[in-house]
Amino acid sequence: MVALGLLGCRTAGSTRVSAGEVKVPSATRVESNILRTDYAGSAACEGCHAKIYAAWQGSPMHQMTRLPTAAAVHAPFAGETFQFKDDRATLEQKGDARFMRIASKQFGDHVYRISRVIGGRYREDYAGIEVPSVDPAAAPPIDRLAPLQGAPELILPVSFLLPSQTYRLKGYSVMVGERPGLRAGGVWSESCIFCHNTIPYFDATWGALYGRGAPAYQGEVVDRLLPASTRWSFHVRNEAALTDAVAAEVRFVGGTAGGGGPLARDILSTAIPALRRHFGGQHLLEVGIGCESCHGGSREHARQPSVLPDLLPHAAFMASTDDSLTTPNNKAQLINRTCARCHQVLFSRYPYTWEGGRRADGPGGSHITSGEGRDFLLSKCSRALSCTTCHDPHGADSAERLALLQTPAGNGVCTTCHDQFQTPQALHAHTHHDPRQAGGSCVACHMPLKNMGLGIALTRYHRIGSPTDKLRVTGDRPLECALCHADKTVGQVADDLFQLWGQRVDLSALNTLYGGLDRNVLIATVALGKPHEKVPAMVALGEHNIKAAITVVARQVLNPYPLVRPYALKALTKLTDQPCEVDLNRSDAAISADLDRCVPGLNAGTFQRRSDSAPSPGHEDNGSSLNDD
5 MVALGLLGCR
15 TAGSTRVSAG
25 EVKVPSATRV
35 ESNILRTDYA
45 GSAACEGCHA
55 KIYAAWQGSP
65 MHQMTRLPTA
75 AAVHAPFAGE
85 TFQFKDDRAT
95 LEQKGDARFM
105 RIASKQFGDH
115 VYRISRVIGG
125 RYREDYAGIE
135 VPSVDPAAAP
145 PIDRLAPLQG
155 APELILPVSF
165 LLPSQTYRLK
175 GYSVMVGERP
185 GLRAGGVWSE
195 SCIFCHNTIP
205 YFDATWGALY
215 GRGAPAYQGE
225 VVDRLLPAST
235 RWSFHVRNEA
245 ALTDAVAAEV
255 RFVGGTAGGG
265 GPLARDILST
275 AIPALRRHFG
285 GQHLLEVGIG
295 CESCHGGSRE
305 HARQPSVLPD
315 LLPHAAFMAS
325 TDDSLTTPNN
335 KAQLINRTCA
345 RCHQVLFSRY
355 PYTWEGGRRA
365 DGPGGSHITS
375 GEGRDFLLSK
385 CSRALSCTTC
395 HDPHGADSAE
405 RLALLQTPAG
415 NGVCTTCHDQ
425 FQTPQALHAH
435 THHDPRQAGG
445 SCVACHMPLK
455 NMGLGIALTR
465 YHRIGSPTDK
475 LRVTGDRPLE
485 CALCHADKTV
495 GQVADDLFQL
505 WGQRVDLSAL
515 NTLYGGLDRN
525 VLIATVALGK
535 PHEKVPAMVA
545 LGEHNIKAAI
555 TVVARQVLNP
565 YPLVRPYALK
575 ALTKLTDQPC
585 EVDLNRSDAA
595 ISADLDRCVP
605 GLNAGTFQRR
615 SDSAPSPGHE
625 DNGSSLNDD
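Residues in the sequence shown are numbered from 5 upward in steps of one, following the working numbering.
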């Protein structure tokens with residue numbers, strides 16, 4: 005059996021089958037939905053699903069990748085310059101062509117024509133091809149079907165942040181170390197293409213089909229960071245047919261693959277590197293995320309609507325099962341595993357997860373945006389609740405609705421199952437807070453704001469659990485009750501956990517984590533915590549205006565992980581009651597000087613910046629540690 009990274013929990017109602025009798029989809033479902041020939045394209049959906057299709061066309065997810073000549077681009081490209089340390093990037097437009105000129109003291113001068121625009125909900129990234137000059141005639145035409153000529157498309161080093169309408173080094177959206185200057189990164193077709201576009205899902209399964217030791221490649225299905233009991237598997241029904249399908253796809257992208265034996269594993273050993281090397285923009289089913297990225301190949305359905313699409317990936321030679329060779333049929337389970345195809349990311353080689361874990365050691369929650377689907381599957385609620393209960397799968401989420409879900413008015417989502425808490429009296433007895441106020445909101449305690457979002461704001465942690473859970477109390481920092489009760493000491497929170505909820509706490513473990521039971525939870529977290537733990541603590545200290553935290557927060561403006569710095573600066577601005585004019589894109593010496601002006605007497609140059617674990621060179625990846633940031 006080979007592992008598959010679409011993950012979830014076994015549910016009641018699943019049908020048990022033996023290893024030799026893996027259940028195939030019903031005749032009312034498409035017979036195959038992962039091969040290139042199984043896909044019809046999103047345009048085929050418009051006739052019957054016009055309203056959904058129209059909403060989807062304008063959604064940020066659909067526009068995850070865009071061709072710059074045919075799409076809205078948020079950044080001005082009006083000659084503005086982004087200064088990073090000693091380097092400059094100038095963004096400009098000539099006709100319908102956009103360019104990024106980079107002047108780097110260390111890496112030299114380069115000109116790139118923008119060939120892809122990536123993202124658009126919180127930030128925009130760019131891929132480009134190097135050209136001789138800022139002249140549209142000097143660059144080849146950009147076409148979604150024909151391969152780009154000349155230099156490869158490279159990931160460019162500047163991002164545009166939509167909330168602030170400012171530029172930032174692209175790598176600083178994840179937990180990586182400092183970069184010396186501006187330099188184009190990895191090749192787009194080897195690092196971003198699978199995750200942000202529509203491809204035959206079959207191509208993403210090859211690493212899982214190969215098994216342990218598979219050659220790494222971007223966009224592959226991975227699930228090794230989840231418990232074995234929650235994984236899915238592929239059951240191969242016909243080895244020869246699988247081998248033929250792999251060979252056909254490699255030929256389609258212009259490569260060759262062969263093996264030294266008759267098994268699929270033999271051909272996959274050469275097919276995976278060939279796919280990574282040859283797959284390009286011209287081989288996409290669609291630019292951006294299409295309908296079939298989630299619903300699976302639906303050509304049969306488009307031809308005959310009575311044959312329904314299927315969220316369960318399968319082909320004639322292969323079926324998907326859970327760990328007991330059961331074919332899942334729970335709708336929430338199927339939806340959540342579909343979302344987790346992409347939202348399973350633990351960004352960068354940053355080693356830590358929530359609950360005190362290390363990503364190399366097993367399951368643990370992500371600390372940053374894009375891991376929500378995988379985190380959700382770590383919680384029991386994913387067996388009955390689907391991602392689409394809260395999120396619009398076909399359009400942009402309503403900000404008003406999401407805000408409502410974070411108040412007691414949104415508790416109905418939870419009390420559908422937990423009906424014992426439907427009355428105000430029962431909710432008060434459970435929460436020990438006013439059921440009409442913020443403390444009466446289910447998500448306030450069970451999905452705390454503690455993850456770093458792409459828009460430099462905290463997002464909710466999707467591993468639904470309780471602030472009294474042992475791993476959350478003694479595994480990581482801060483004690484989650486302190487995110488609202490920011491003035492509490494470690495001992496006071498521990499006493500509350502026992503007095504209100506009967507949770508006995510290992511006080512010696514807390515003493516080790518925080519350096520004393522009499523210390524303020526959040527200030528001690530900023531002083532002693534791991535970098536990702538410091539961030540929600542600093543945000544809470546700023547929100548609650550805990551003045552005693554000014555110095556310890558100011559130190560984090562020079563944290564060795566640059567992503568931590570803007571959160572520290574925002575908190576410091578609130579704590580000092582004045583704008584802190586600190587340019588985080590300058591050198592450390594310049595940042596120190598800015599800090600001293602913001603907080604007189606601080607003497608920021610004396611800070612020991614390496615108090616945190618020094619980061620290794622970082623990458624953005626989906627578990628395969630491939631994608632350069």
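Virtual Cβ for every residue (Gly too), placed ideally from N, Cα, C. In this text, all values refer to a predicted model and were calculated from it rather than measured experimentally.
I believe residue i touches residue j by the beta-carbon criterion, under 8 Å. Please report the beta-carbon distance rounded to the nearest angstrom.
| i | j | result |
| --- | --- | --- |
| Ala531 | Pro482 | Contact flag wrong, Cβ pair sits at about 11 Å. |
| Ser386 | Val349 | Rounded, the Cβ-Cβ distance is 17 Å, inconsistent with contact. |
| Ile552 | Ile527 | Correcting the residue identity first, residue 552 is Ala in this sequence and not Ile. Correct: roughly 6 Å between the Cβ atoms. |
| Ile339 | Cys391 | 6 Å |
| Tyr126 | Gly457 | 7 Å |
| Phe206 | Ala249 | 7 Å |
| Cys298 | Thr342 | 5 Å |
| Cys584 | Leu573 | 6 Å |
| Ile159 | Cys199 | Actually they do not touch by this definition, with Cβ atoms about 13 Å apart. |
| Phe238 | Met322 | 5 Å |
| Gly444 | Pro412 | 4 Å |
Mark residue i as exposed unless 16 or more other C-beta atoms lie within 10 angstroms of its C-beta, in which case mark it buried.
| i | result |
| --- | --- |
| Trp505 | exposed |
| Phe502 | exposed |
| Cys449 | buried |
| Ala232 | exposed |
| Ala101 | buried |
| Gly112 | exposed |
| Ser193 | buried |
| Arg464 | buried |
| Lys538 | buried |
| Ala433 | exposed |
| Gln429 | exposed |
| Glu404 | exposed |
| Asn626 | Low confidence applies here, because Asn626 scores a pLDDT of 34, under 50, leaving its location unreliable; read the following figure in that light. It counts as buried. |
| His318 | buried |
| Asn415 | buried |
| Gln308 | exposed |
| Asn37 | buried |
| Arg440 | exposed |
| Ser596 | buried |
| Ala344 | buried |
| Asn201 | buried |
| Asp581 | exposed |
| Asp438 | exposed |
Closer than 8 Å by C-beta to residue i: which residues in its own chain qualify, once you throw out the five before and the five after it? Chain order, please.
| i | result |
| --- | --- |
| Asp491 | Asn524, His548, Ile550 |
| Val509 | Val477, Thr478, Ala498, Leu501, Phe502 |
| Val417 | Leu389, Thr393, Cys394, Leu409, Cys446 |
| Met4 | The structure shown does not extend to residue 4, since the chain spans only 5 to 633, so no value can be given for it. |
| Leu315 | Cys298, His299, Gly300, Leu338, Ile339, Arg341, Thr342 |
Looking only at DSSP bridge pairs, what is residue i linked to?
| i | result |
| --- | --- |
| Ser108 | Gly112 |
| Lys98 | Ala101 |
| Asp129 | Ile122 |
| Arg476 | Its beta-bridge partners do not exist; DSSP assigns none. |
| Gln87 | Arg92 |
| Val162 | Leu173 |
| Arg70 | Val121 |
| Met65 | Looking at the DSSP assignment, Met65 forms no beta bridge with any residue, so it has no partner. |
| Glu134 | Tyr116 |
| Glu290 | Thr202 |
| Ser324 | Phe238 |
Who are the Cβ neighbours of residue i in its own chain at under 7 Å, not counting the five residues just before and after it?
| i | result |
| --- | --- |
| Asn515 | Leu521 |
| Gly369 | Thr357, Trp358, Glu359, Asp379, Leu382, Tyr465, Arg467 |
| His78 | Gly124, Glu128, Phe164, Leu166 |
| Ser591 | Lys89 |
| Ile304 | It should be pointed out that residue 304 corresponds to Glu in this sequence rather than to Ile. Once the five neighbours on either side are set aside, the close Cβ partners of Glu304 are Val34, Glu35, Val311. |
Under 6 Å Cβ to Cβ from residue i, same chain only, skipping five residues before and after it: list those, please.
| i | result |
| --- | --- |
| Arg269 | Tyr214 |
| Asp90 | Lys109 |
| Gly124 | Pro64, Gln67 |
| Gly533 | Arg481 |
| Ala59 | His398, Gly399 |
Taking only beta-carbon atoms, is residue i less than 8 Å away from chain C?
| i | result |
| --- | --- |
| Ser237 | Here there is only one protein chain, and chain C is not present. |
Length at least 3, wholly inside the segment 336–389: the beta strand (DSSP E) runs in chain order: none
Enumerate, from N- to C-terminal direction, the unbroken alpha helix (DSSP H) stretches of 4 or more residues contained entirely within the segment 388–455. 403–409, 416–419, 428–435, 446–450
Would you mind listing the alpha helix (DSSP H) stretches within the segment 172–239 that are 4+ residues and don't spill past its ends, in chain order? 192–195, 205–208, 210–214
Ignoring anything shorter than 3 residues, give me the beta strand (DSSP E) runs that lie fully in the segment 522–587, in order along the chain. none
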